[in-house]
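J.:
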Amino acid sequence: MPRNPTVAFELRRFAEAELRERARLVFDEMDRRRSVRSFSADPVPREVIEDAIRAASTAPSGAHRQPWTFVLVGDPEVKRRIRIAAEDEERENYAGGRLPPEWREALAPLGTDWRKPFLETAPWIVVVFEQRYGWNGDGTRRHNYYVKESVGIACGLFIATLHRLGLATLTHTPSPMAFLSDLLGRPRNERPFIVFPVGYPADDCRVPELVRKPLDEVMIEVRAGDLSHNGDNRP
Ligand code: IYR
Numbered sequence: 417m418p419r420n421p422t423v424a425f426e427l428r429r430f431a432e433a434e435l436r437e438r439a440r441l442v443f444d445e446m447d448r449r450r451s452v453r454s455f456s457a458d459p460v461p462r463e464v465i466e467d468a469i470r471a472a473s474t475a476p477s478g479a480h481r482q483p484w485t486f487v488l489v490g491d492p493e494v495k496r497r498i499r500i501a502a503e504d505e506e507r508e509n510y511a512g513g514r515l516p517p518e519w520r521e522a523l524a525p526l527g528t529d530w531r532k533p534f535l536e537t538a539p540w541i542v543v544v545f546e547q548r549y550g551w552n553g554d555g556t557r558r559h560n561y562y563v564k565e566s567v568g569i570a571c572g573l574f575i576a577t578l579h580r581l582g583l584a585t586l587t588h589t590p591s592p593m594a595f596l597s598d599l600l601g602r603p604r605n606e607r608p609f610i611v612f613p614v615g616y617p618a619d620d621c622r623v624p625e626l627v628r629k630p631l632d633e634v635m636i637e638v639r640a641g642d643l644s645h646n647g648d649n650r651p
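Right, here's the structure in full:
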């Protein structure tokens, strides 16, 4: 394959005081994001969701394969089918005892159950599929790289974009998710990754009071002096 031509790249550079202020503001804004399970039926223009998907699709990806498909669903009948199939699986998980006890306990504080009304209430559902492989021009399989990482990053950008737009979403993973491939008519090289209901939060929307880990629990700095010389640095 020939090398891509290159183009000049420029990024806005902020003076330090402004940089510091912006960093605080971005954190404050992101810190207000919450996963929402209670949506308003208020409409959201299709073009807004399309732009959010464009933004998500700017994500870096292995070998720039962009191995994702965002399936947009606004049709009430398709939303209803997704809800019914998702609730069938989740009923088995929560009420039928398929969730292992440890998992049930981990979810208990969040108050989730098998009912997924948001799959019908939210004006849009975006189902993201990972493309486990693609196709060459001659119909042979074309390998994709770092698929989970790539699609995960695209989903992160999607979530951040929606939040900046004042829209709410939820990373919903009905388990198992295979029913979505059939229901949405996706080809065999694609696997469901995350279901995103998208819309405005309901007027009476409440979310669990969560506390996020402080910085010192999610970040450490490593300096050469902190490391042993024999390379055995694990506790
Ligand atoms: N997929 C189920 C269960 C669930 C699992 C985890 I991990 C969560 O953080 C939340 C829910 C459901 O959607 O209810």
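Here the sequence shown is numbered in the numbering used here, starting from 417 and rising by one per residue. Where a beta carbon is used, it is the ideal one built from N, C-alpha and C, also for glycine. Note that the structure is predicted; figures quoted are calculated from it, not measured.
Could you compute how far the alpha carbon of residue 545 sits from the alpha carbon of residue 433?
T.: Going from the Cα of residue 545 to the Cα of residue 433 covers about 41 Å.
J.: Alpha carbon to alpha carbon, how far is residue 470 from residue 494?
T.: In a straight line, the C-alpha of residue 470 is about 23 Å away from that of residue 494.
J.: By Cβ distance below 8 Å, which residues in the same chain neighbour residue 620 in space, the five residues on each side in sequence not counted?
T.: Excluding sequence neighbours, residue 620 sits near 454.
J.: Could you spell out the range, first to last residue, of the alpha helix (DSSP H) harbouring residue 544?
T.: No alpha helix (DSSP H) contains residue 544, which is instead part of the beta strand (DSSP E) from 540-547.
J.: How do the stretch 578-586 and the stretch 607-622 stand: do at least 3 beta-carbon pairs fall below 8 Å, yes or no?
T.: Touching, yes, given that three or more Cβ pairs across the two stretches are closer than 8 Å.
J.: Can you name the residues that DSSP bridges to residue 435?
T.: Paired residues: none, contrary to the question.
J.: So, are the CB atoms of residue 446 and residue 538 less than 8 Å apart?
T.: Result no, Cβ atoms of residue 446 and residue 538 do not sit closer than 8 Å.
J.: For residue 438, I'd like the list of residues in its chain whose CB is within less than 8 Å of its CB, leaving aside the five on either flank, ordered along the chain.
T.: Hits under 8 Å: 430.
J.: So if DSSP puts residue 380 in a beta bridge, which residue, or which two residues, is it bridged to?
T.: Because the chain in this structure spans residues 417 to 651, residue 380 falls outside the shown range and cannot be described.
J.: Are the Cβ atoms of residue 561 and residue 478 separated by less than 8 Å?
T.: Cβ atoms of residue 561 and residue 478: closer than 8 Å.
J.: Compare the C-alpha of residue 464 against each of 568, 476 and 578 and name the closest.
T.: Residue 464 has its Cα closest to that of 578, out of 568, 476 and 578.
J.: Determine the DSSP secondary structure at residue 525, reduced to helix, strand or coil.
T.: It is helical.
J.: Quick check on residue 551: does DSSP put it in helix, strand or coil?
T.: Three-state result, residue 551: strand.
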